[in-house]
Every structure is written in structure tokens, then in C-alpha cells.
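Going from the sequence shown to this note's numbering is simple: count from 1 and add 28.
In this text, a Cβ means the ideal position worked out from N, Cα and C, and glycines have one as well.
Here is the structure we will look at.
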Amino acid sequence: MRKIRKYFLASFIACMLAALSIPVAAYAAKPVTAKIPVAMKGEMTDERFECVLSGTDLQENSHCKASTETVTLGDGETSDITFTVDYPGTYSFQISQKKGTDINTIYDENVYQIKIFAVESGSGVLSAQPIVFKEGDSDKEASVSFSNLRKDTEETQKDVMSDSPAGSTPNGPQTGDGTPLAMIITLIITGVVMVLAGINTIRNKAGKEKS
Numbered sequence: 029m030r031k032i033r034k035y036f037l038a039s040f041i042a043c044m045l046a047a048l049s050i051p052v053a054a055y056a057a058k059p060v061t062a063k064i065p066v067a068m069k070g071e072m073t074d075e076r077f078e079c080v081l082s083g084t085d086l087q088e089n090s091h092c093k094a095s096t097e098t099v100t101l102g103d104g105e106t107s108d109i110t111f112t113v114d115y116p117g118t119y120s121f122q123i124s125q126k127k128g129t130d131i132n133t134i135y136d137e138n139v140y141q142i143k144i145f146a147v148e149s150g151s152g153v154l155s156a157q158p159i160v161f162k163e164g165d166s167d168k169e170a171s172v173s174f175s176n177l178r179k180d181t182e183e184t185q186k187d188v189m190s191d192s193p194a195g196s197t198p199n200g201p202q203t204g205d206g207t208p209l210a211m212i213i214t215l216i217i218t219g220v221v222m223v224l225a226g227i228n229t230i231r232n233k234a235g236k237e238k239s
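Below, the structure written as C-alpha cells:
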């Protein structure tokens, strides 16, 4: 009886060890990519602007990798950041522009939030949907877009708008007096007539006294 117990115990232990030695199948869905376009505008400058990608998923999560963490662009240039995803989940990133050193440039300080939604279908196919929106705004954006302005241009626009009356646009020099020109001419003619009439009256009186 003891031999039978020892045999079953040895068989049980052998089965457990065999089960533990079987490798667990890894997730094997084919990785997919999602692209985020980045566009740059710089007004009256040859400066190149640096955009920086950040976020905890970028630093810690190996299931969603970005093709680059920095993008450097000049005025009118665009580039894509490609995210490669190999596991279902939601991945979050931020992208912002580093402030330059040109004192005449107003640098775009917007921060964009990037969400990558990775979903596996019933047949085991992985897909990724990117969503982009400005921080503090719920509206979706088609791309990340930074716009940098010149200080003199913005100040000129503000001065023009502040000097213009509400509901009108400045079209040229205007006089400060709204008195009609016809009224002024009428007053001058009336004054001349009165002066001439007074002179004529004086002459008539003088003629009568002599006679």
C-alpha cells in the first residue's frame, strides 16, 4: 500500500513539474502603426523650431513606441511621428514646442494631447486609432500644428483695431470737424453781404448831409 502511495505521489509531482515547464504562449498579434502629422509655421523668420514628445507611456510602456521623441521644423515644413503598437490598450502622449531665443518671435505655447487606442478584433487582428486635441479643448484636431508670430506684426494689428471705430475699418485720413462745408460758405457770404450793406448805408447818409 505504501508503495502505491509513493507511486501516485511521485506521478503527481512529475505532472506538476511538467505543467510548470510548459511555456505560456506570448501575445502574437501583428504590430500596427499610427501616424500623427506635425506642421510648423514661423512668420518672417528662418528659425527652426523643436517639438518634443513626452508622456509616461513613452518612458515606461514598451507596447507603444514612437519613431522619434523630437521633431525640428522650419516655416511651412511638416513631418510625421509614427507610433508602433503591439498590444491592445490606450496610450497617452503630449507634444509641445520648445521656446526659442528670438525676442521678436511670439512662440506657440499650445500643448497637444495624443491618444492611441489599440483594439484587437475577434479574429485577433490589432488596429490603432490616433486622436489629437489641444490641452484644455475637447475638439479633435486633424494634426499637430504650431504657429509662431512676429511681435511687430501682432502689435500693428492690435493698434489698427483699437484706433478704428466699432463696426468700421480705417480707409484713409478724415477731418475731426463734422460741420458741412456748405454751411460755412453760406455764413461767409452772409457776413460779406452785411458788411457791404453797412458800407452802402454809411455812404448814403454822408451824401445826404453834404447836400
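Give the single residue among Gly150, Gln122, Ile109 whose Cα lies nearest to the Cα of Ala57. Here the question's residue 57 lines up with position 29 in the sequence shown. Out of Gly150, Gln122, Ile109, Gly150 has the C-alpha closest to the C-alpha of Ala57.
So, at 8 angstroms on beta carbons, what are the nonlocal neighbours of Gln122 in its own chain, with the 5 sequence-adjacent residues on each side left out? Sequence index remark: in the sequence shown, residue 122 carries index 94 (1-based). Leu81, Ser82, Gly83, Val139, Tyr140, Gln141, Ile142, Glu163, listed in sequence order.
In three-state terms, what does DSSP make of Asp136? By one-based count along the sequence shown, residue 136 stands at place 108. Of the three classes helix, strand and coil, the one that applies to Asp136 here is coil, per DSSP.
Given a threshold of 16 other Cβ atoms within 10 Å of its Cβ, counted over all protein chains shown, does Ala146 qualify as buried or as exposed? Position 118 of the sequence shown, counted from the first residue, corresponds to residue 146. By the neighbour-count rule (16 or more Cβ atoms within 10 Å), Ala146 is buried.
For Ser107, I'd like the list of residues in its chain whose CB is within less than 8 angstroms of its CB, leaving aside the five on either flank, ordered along the chain. Position 79 of the sequence shown, counted from the start, is the residue given in the question as residue 107. Result list for Ser107: Pro65, Val66, Val99, Leu101, in chain order.
Just to check my reading of the structure: Ile144 and Phe111 have Cβ atoms closer than 8 angstroms, yes? What is that Cβ distance to the nearest angstrom? Position 116 of the sequence shown, counting from 1, holds the residue named residue 144. Position 83 of the sequence shown, counting from 1, holds the residue named residue 111. Ile144 to Phe111, Cβ: 5 angstroms. Contact.
Is there a Cβ from chain D that is less than 8 angstroms from the Cβ of Val99? Checking the listed chains, one finds no chain D in this structure; it contains a single protein chain.
With respect to the alpha helix (DSSP H) encompassing Asp85, which residues constitute its N-terminal and C-terminal limits? Numbered from its first residue, the sequence shown carries residue 85 at position 57. Start and end: 84-88.
Please identify the residue among Gly104, Leu224, Lys179, Ser171 whose C-alpha is closest to the C-alpha of Ser124. Counting from 1 along the sequence shown, the entry for residue 124 is found at position 96. Answer by Cα proximity: Ser171.
Rounded to whole angstroms, what is the Cα-Cα separation between Pro158 and His91? The residue you call residue 158 lines up with position 130 of the sequence shown. The residue you call residue 91 lines up with position 63 of the sequence shown. Whole-angstrom Cα-Cα distance: 15 angstroms.
Applying the criterion that 16 or more other CB atoms from any shown protein chain within 10 Å of the CB defines a buried residue, is Asp85 buried or exposed? Taking the first residue of the sequence shown as 1, we reach residue 85 at position 57. With 16 or more Cβ atoms within 10 Å of its Cβ, Asp85 is classed as buried.
Unbroken beta strand (DSSP E) run spanning Met68, endpoints: Along the sequence shown, read from residue 1 onward, the residue named residue 68 stands at position 40. Taken as a continuous stretch (DSSP letters only), the beta strand (DSSP E) holding Met68 covers 60-70.
Around the C-beta of Ala53, are 16 or more other C-beta atoms found within 10 angstroms, so that it is buried, or is it exposed? Stepping through the sequence shown from its first residue, residue 53 is reached at position 25. Residue confidence for Ala53 is low, a pLDDT of 46 falling below 50, so the modelled location carries little weight; the figure read from the coordinates is stated next. With fewer than 16 Cβ atoms within 10 Å of its Cβ, Ala53 is classed as exposed.
So, helix, strand or coil for Thr218, using DSSP? On the sequence shown, position 190 is the one that residue 218 refers to. Thr218: helix per DSSP, three-state reduction.
With respect to the beta strand (DSSP E) encompassing Tyr119, which residues constitute its N-terminal and C-terminal limits? As a working note, residue 119 is residue 91 in the sequence shown. Its beta strand (DSSP E) spans residues 117-125.
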